[in-house]
Amino acid sequence: MTRTVATWPNLVTLLRLLCLPVFLWLLFTRDDRAAAAYLLGVLGATDWVDGWLARRLQQRSEFGAVFDPAVDRLLFIVGVAAIIIDGAVPGWLGWGVVAREVLVAAMMLVGTALGMQRFPVSQWGKNYTFALMFAFPLLLLGASDAGWALGARNAGWAIAVPGVVLCYTTAIGYVPRVWRGVRAARSGAARSGAARDVSDVA
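By the count of numbering that gives the first Met the number 0, the sequence shown reaches residue 201 at its end, each step adding exactly one.
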């Protein structure tokens with residue numbers, strides 16, 4: 000893994016991030032729900048591109064390992080929050096998903112602060128994010144005046160319901176992993192302290 004920041008995968012991630020203000024402009028300034036929905040859908044569909052490039056070009060970087068997931072989470076949370084504010088989805092659905100993201104992030108931060116080794120997102124966690132990154136744009140499109148709005152809305156709900164169930168299932172699954180990680184860190188620190196004490200006595 001390289002320490003270089005200027006890589007093609009990081010450039011793709013940056014371009015995706017720069018599309019976020021465009022999405023907000025389309026939704027709130029232009030009041031164009033359909034265009035905003037298409038852009039958000041493209042951003043969700045291209046989530047895999049930067050990771051694929053990193054593997055293909057052998058350009059995995061320490062910066063990218065942090066930057067890519069941070070941008071993914073920002074796009075997801077801001078996108079969902081904007082759609083809630085727009086009124087295209089019920090508050091309970093959108094804020095329920097945002098609350099899950101905030102709670103999991105807080106849990107990871109606390110665990111890391113207590114010495115836990117960070118672990119990668121589970122495959123099911125990736126699956127739920129991928130599903131909802133399609134569900135919310137479809138629901139937004141369903142609230143537009145596009146000719147296929149009703150079909151988009153129905154498809155959005157068909158994906159959103161299992162996606163929300165999966166998002167909370169994965170969140171609950173992270174709890175024992177964080178707990179074990181913190182216990183392992185504290186146990187390792189205790190053993191290290193005991194070893195130092197023995198060394199001092201010797």
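We put the CB at the ideal spot given by N, CA and C, even for glycine.
Note that the structure is a prediction, hence the values are computed from the model and not measured.
- Taking all protein chains shown into account, Ala151 has 16 or more neighbouring C-beta atoms within 10 Å of its C-beta and is therefore buried.
- Counted as a single uninterrupted DSSP element, the alpha helix (DSSP H) harbouring Val109 occupies residues Gly90 to Ala112.
- In the DSSP assignment, Pro8 falls within the unbroken alpha helix (DSSP H) covering Trp7 to Leu23.
- Within the same chain, and ignoring the five residues on either side of Leu39 in sequence, the residues whose Cβ sits closer than 6 Å to its Cβ are Phe22, Gly78 and Pro136.
- Taking 8 Å as the cut-off, the beta carbon of Val96 is found closer than this to the beta carbon of Val163.
- Taking C-beta separations shorter than 7 Å and ignoring five residues to either side along the sequence, the partners of Thr45 in its chain run Arg15, following chain order.
- One alpha carbon belongs to Ala105, the other to Val4, and they sit about 27 Å apart.
- Distance check between Leu165 and each of Arg182, Phe129, Trp94 and Gly180 places Phe129 closest, using alpha-carbon atoms only.
- In terms of Cβ geometry, Gly90 and Ile83 form a close pair [threshold 8 Å].
- A Cβ-Cβ distance of about 15 Å is found for the pair Ser121 and Gly50, leaving them out of contact under the 8 Å criterion.
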